[in-house]
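Protein chains: 2
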Amino acid sequence: MNPLLSALRAAVGAANVLTEGDLSAYELDWRRRSHGKALAVVRPGTTEEVAAVVRACAAAGTPIVPQGGNTGMVVGSTPDASGREVVLSLTRMNRIRSVDPDNLTLTVDAGCVLQNVQQAAEDAGLFFPLSLAAEGSCTIGGNLATNAGGTQVVRYGNARELCLGLEVVTAQGEVWQGLSGLRKDNTGYDLRDLFIGSEGTLGVITGATLKLHPQPAATLTAWAAVPSMDAALTLLGLAHRHLGAGLTGFEVMGRFALSLVPRHFPQQRVPFLQESAYGVLLENSDQESEPHARALFEKLLEAAMEDGCVTDAVVAENISQARALWHIRESIPLAQAQEGLNIKHDISIPVSRIPAFCAETDALLQREIAGVRLVNFGHLGDGNLHYNVQAPEGGDMQAFLRDQEERVNALVFEQVRRFDGSISAEHGIGTLKAAKLPHHKSPVALGMMRALKKALDPQGILNPGRVLPLAD
Amino acid sequence: MNPLLSALRAAVGAANVLTEGDLSAYELDWRRRSHGKALAVVRPGTTEEVAAVVRACAAAGTPIVPQGGNTGMVVGSTPDASGREVVLSLTRMNRIRSVDPDNLTLTVDAGCVLQNVQQAAEDAGLFFPLSLAAEGSCTIGGNLATNAGGTQVVRYGNARELCLGLEVVTAQGEVWQGLSGLRKDNTGYDLRDLFIGSEGTLGVITGATLKLHPQPAATLTAWAAVPSMDAALTLLGLAHRHLGAGLTGFEVMGRFALSLVPRHFPQQRVPFLQESAYGVLLENSDQESEPHARALFEKLLEAAMEDGCVTDAVVAENISQARALWHIRESIPLAQAQEGLNIKHDISIPVSRIPAFCAETDALLQREIAGVRLVNFGHLGDGNLHYNVQAPEGGDMQAFLRDQEERVNALVFEQVRRFDGSISAEHGIGTLKAAKLPHHKSPVALGMMRALKKALDPQGILNPGRVLPLAD
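Chains A and B, in that order, give the protein sequences. Here the first sequence is numbered in UniProt numbering, starting from 1 and rising by one per residue. Here the second sequence is numbered in UniProt numbering, starting from 1 and rising by one per residue.
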């Protein structure tokens with residue numbers, strides 16, 4: 001009998017230490033790129049139990065892989081194949097702890113599903129803006145550990161900007177009680193932001209105090225046809241000036257990306273598909289009223305058409321039209337999957353440099369790989385592009401992926417570097433990109449990261465090899 | 001000849017190493033609480049020179065005190081009395097490096113005066129929201145090193161939320177080039193936020209990329225008479241709902257604090273002074289137009305008067321009226337100084353708990369110290385109170401300060417702790433509050449802070465004893 005397993009059973013109860021049967025829900029990553037093998041999956045129900053699990057693992061020198069909804073994109077929360085790592089699943093910790101409407105805050109367990117967090121805010125007459133495709137199954141702890149982005153960043157910021165305080169179990173199994181509801185607190189180093197985005201490598205987030213916003217009185221959606229990426233940038237500037245903080249969404253989509261949607265989902269109609277090189281989805285959240293929102297939107301689109309950066313536009317008349325427009329945007333990844341295998345990138349570039357980046361990188365790839373097709377879409381307001389590369393029409397897709405993935409990645413990432421961009425805008429590093437990190441961070445930055453890791457987790461038991469590659 | 005001085009002269013030129021004459025501009029802190037003695041004041045002109053200075057000091061084991069405009073409130077950027085510390089003044093590094101309007105960013109040297117940063121944004125047709133009393137002489141590097149707050153936090157956040165990237169010289173004299181203009185970048189630990197607010201104890205900020213916003217089309221100011229702190233809180237909730245992101249200022253001021261203004265500056269008239277327990281200054285920044293801003297303000301104030309949380313209100317008709325209202329708010333600290341010595345606190349409390357905090361703490365102090373007078377004002381929207389305690393009318397103020405300061409601090413800080421607040425909302429810790437920190441942070445938090453300090457500055461040469469008290 002493994003003494004660590006006994007200690008874990010003592011900490012959380014035997015029923016919450018899983019070692020047998022099909023554990024693929026915990027061992028297989030979301031994109032099905034890696035199927036690991038856990039020593040055990042441990043499911044604590046309280047912060048104290050999490051601390052006890054960490055202490056037991058620390059005593060045994062056993063690595064811990066914290067896991068939320070297991071919806072990550074970069075293999076950051078599933079075990080490796082060694083059978084030596086313990087998966088620490090937070091999903092049993094799913095309580096809404098408290099709501100404080102006058103303070104505009106909500107305090108929750110880390111294992112709360114994002115949709116339930118959004119709902120708790122709504123039940124209090126308020127709004128929690130974090131929104132992303134996996135919201136029905138991802139957890140807020142995972143969102144914070146990876147500093148999730150999503151569609152509302154242009155107005156409300158990333159997960160980092162939506163969090164006021166954390167509760168964290170340290171690598172030593174102590175509890176840091178940092179659940180502050182304060183908007184101003186300058187008493188020492190910013191521990192909160194160090195844990196946010198550290199992907200479970202510095203501590204285990206067990207609870208969070210989140211920042212809420214007033215619910216908008218009306219949210220309207222528009223679709224604009226724009227002739228070029230330059231024009232999309234001009235439209236973005238006009239939207240900032242006309243809508244200010246009302247601009248809560250700005251998604252740009254290239255024509256080829258859009259053309260895949262009706263090709264694979266014929267019931268969907270994409271506005272202005274033939275006439276324009278790009279479509280832009282705009283969202284305007286208004287504090288006042290729907291007529292006011294509509295008047296502002298019309299004024300903006302008139303100015304844009306006068307400028308020439310928009311050639312045609314439509315404002316959704318009702319919620320179902322708005323949903324249909326968003327549905328086009330959300331269908332692109334699915335349509336792309338139907339079209340076949342492809343190489344995905346989640347990059348960011350300073351907003352002002354995106355037109356030049358796209359023009360150069362598109363041309364470069366088309367020159368290097370004949371017939372390659374570019375599925376380009378993203379959150380232009382944040383400089384975040386999902387710059388995906390699809391095999392040539394009718395080609396052998398498996399062969400394309402096998403032969404070209406490394407080369408395409410190298411070409412794209414080198415372009416990203418030239419344009420002062422990031423190779424991971426919102427998905428993180430995990431295992432998938434850890435080996436690439438040293439090529440994209442300066443030795444000074446990497447040295448500081450290693451020093452911080454060593455300072456907080458000297459034993460190296462928290463999610464080892466994720467984010468920072470293991471030393472040789 | 002001191003070999004360190006030779007090395008410093010070689011690094012920055014002899015003219016920029018000051019050792020003689022009146023150095024009180026660098027050695028005396030802003031509130032004139034501490035007059036230290038520097039080994040030398042060194043004034044590098046470039047990032048490379050800063051790095052050379054740090055390397056020279058590191059080689060000699062000599063402590064460095066980074067300094068910007070020397071306007072800090074907590075004795076964090078002046079030398080101690082030992083004559084052993086080198087003051088590293090950043091004020092010669094005052095270039096606006098670049099503006100990128102399409103990316104809504106501005107990149108500057110750390111030594112730029114805040115007002116010049118604001119002006120550079122305005123010159124580009126944009127807006128940098130950080131605003132505070134010392135803006136004519138404080139530097140952006142100091143603002144970031146102390147995570148400055150100010151009057152616009154309710155809408156735009158603290159300095160932390162206004163910064164996208166940093167350039168930092170490490171304790172080893174290396175340059176971390178982290179001047180990112182990216183809004184999304186999840187490639188590793190959040191080094192930026194670790195340096196922001198660390199008060200020069202982890203690295204020396206030499207440059208920053210700042211986040212700009214569109215200029216509002218109109219900014220209106222109103223003054224409301226409110227009968228109680230509870231009513232002020234209700235008004236804040238209504239303002240959030242009616243104005244959304246338009247609410248850019250919400251300052252509450254108690255009647256006694258307000259009464260000091262006409263007492264010492266008779267030309268100033270405070271609206272509704274006799275009729276109401278509190279005055280609230282509201283600012284509404286509108287993306288659309290002045291008539292629209294006015295209509296929204298009137299609707300809000302009507303709703304508030306109907307509710308009863310406001311008994312009377314006035315909206316400034318023009319800019320000079322708006323300035324006069326802000327001038328009252330800004331005159332409170334000066335009027336308070338005219339009234340005599342007092343004990344200042346810069347605290348924050350969760351917004352929802354402020355009415356109970358004030359009621360309890362006011363009563364406690366009045367019970368403990370007969371005749372004590374409370375000068376209470378602050379940024380209610382952020383939960384930040386300047387909760388100041390004035391000697392009884394006509395009493396011996398020197399004696400009051402001498403006999404009561406420690407006791408008053410202890411009483412107020414204990415209340416802050418009971419209400420889950422912070423003993424330093426926006427001013428930082430510096431030397432002044434370093435000894436108090438261990439009583440207000442958990443051992444786990446302090447342990448992590450010490451580990452981080454040791455990881456990044458193992459020699460302990462950067463601003464030693466500030467923020468973290470020196471170990472015994």
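Even glycine gets a Cβ: it sits at the ideal position worked out from N, Cα and C. Just so you know, these numbers come straight off a predicted model, no measurement behind them.
From A:His439, A:Gly21 and A:Leu88, pick the residue whose C-alpha is nearest to that of Thr187 (chain B); which is it?
A:His439
Cα-Cα separation between Ala159 (chain B) and Val108 (chain B), rounded to whole angstroms
14 Å
Contact criterion: CB-CB distance below 7 Å. Does Asn384 (chain A) meet it with respect to chain B?
yes
Going by the CB atoms, is the gap between Gln336 (chain B) and Val280 (chain B) shorter than 7 Å?
no
What three-state label does DSSP hand Cys309 (chain A) in the structure shown?
coil
With 9 Å as the limit, tell me which residues of the region 413 to 434 of chain A have their beta carbon closer than that to any beta carbon of chain B; keep them in chain order.
Asp420, Gly421, Ser422, Ile423, Ser424, Ala425, Glu426, His427, Gly428, Ile429 and Lys433
Interface flag, Thr187 (chain B) vs chain A, CB-CB below 7 Å:
yes
C-alpha gap between Leu114 (chain B) and Thr311 (chain B), whole angstroms
38 Å
Is Lys211 (chain A) helix, strand or coil by DSSP?
strand
Run the CB neighbour count on Asn103 (chain A), radius 10 Å, all protein chains shown included, and call it buried at 16 or more, exposed below.
buried
Short-range partners of chain C found in the region 441 to 463 of chain B, where Cβ spacing is below 7 Å:
Annotation note: the requested chain C is absent from the structure, which comprises protein chains A and B.
Any residues in the region 348 to 359 of chain B with a beta carbon nearer than 7 Å to a beta carbon of chain A? Which ones, in chain order?
Ser348, Pro350, Val351 and Ser352
Buried or exposed, going by whether 16 or more other CB atoms sit within 10 Å of the CB of Leu470 (chain A)?
exposed
Does any C-beta atom of chain B lie closer than 7 Å to the C-beta of Gln287 (chain A)?
yes
Can you tell me whether Asp346 (chain A) is helix, strand or coil according to DSSP?
strand
Please classify Cys163 (chain B): does DSSP put it in a helix, a strand, or coil?
strand
Nearest to Phe400 (chain A) by CA position, among A:Val54, A:Ala133 and A:Arg373, is which residue?
A:Arg373
Select from A:Pro129, A:Gly430 and A:Lys344 the residue whose C-alpha is nearest the C-alpha of Glu406 (chain A).
A:Lys344
Looking at the unbroken alpha helix (DSSP H) that takes in Asp382 (chain B), where does it start and where does it end?
Element bounds for Asp382 (chain B): n/a, residue is neither H nor E.
At the level of alpha carbons, what is the spacing between residue 474 (chain A) and Arg353 (chain A)?
Summary: the structure shown does not reach residue 474 (chain A), with chain A confined to residues 1 through 472, and so no result is reported for it.
Under 7 Å, Cβ to Cβ, is there at least one residue of chain B near Gly197 (chain A)?
yes
Return the residue from the list A:Glu288, A:Cys112 and A:Val154 that minimises the CA-CA distance to Pro129 (chain A).
A:Val154
Does DSSP put Ile205 (chain A) in a helix, a strand or coil?
strand
Interface residues of chain A facing Gly246 (chain B) [CB-CB closer than 9 Å]
Gly244, Ala245 and Gln287
Any beta-carbon of chain A closer than 7 Å to the one on Asn103 (chain B)?
yes
Could you name the residues of the region 134 to 149 of chain A whose beta carbon sits closer than 9 Å to any beta carbon of chain B, in the order they occur along the chain?
Thr146, Asn147, Ala148 and Gly149
Output yes if chain A places a C-beta closer than 7 Å to the C-beta of Pro214 (chain B); else output no.
yes
Listing by chain order, which chain A residues have their CB less than 9 Å from the CB of Glu161 (chain B)?
Gly157 and Glu161
Within 10 angstroms of the Cβ of Pro291 (chain A), are there 16 or more other Cβ atoms? Answer buried if so, exposed if not.
exposed
DSSP three-state label for Trp326 (chain A), please.
helix
Can you list, in chain order, the residues of its chain with a C-beta nearer than 6 Å to that of Ala7 (chain A)? Leave out the 5 residues immediately preceding and following it.
Ala56
Alpha carbon to alpha carbon, what distance is there between Gly125 (chain A) and Gln404 (chain B)?
45 Å
If we define contact as Cβ-Cβ less than 7 Å, is residue 474 (chain A) a contact residue for chain B?
A question about residue 474 (chain A) goes unanswered here, because the residues of chain A that appear run from 1 up to 472.
Ser34 (chain B) in three-state terms, based on DSSP
coil
Is Gly83 (chain B) close to chain A? Criterion is C-beta to C-beta, closer than 7 Å.
no
Starting from the beta carbon of Glu174 (chain B), find every residue of chain A whose beta carbon is closer than 7 Å, and list them in chain order.
Val444
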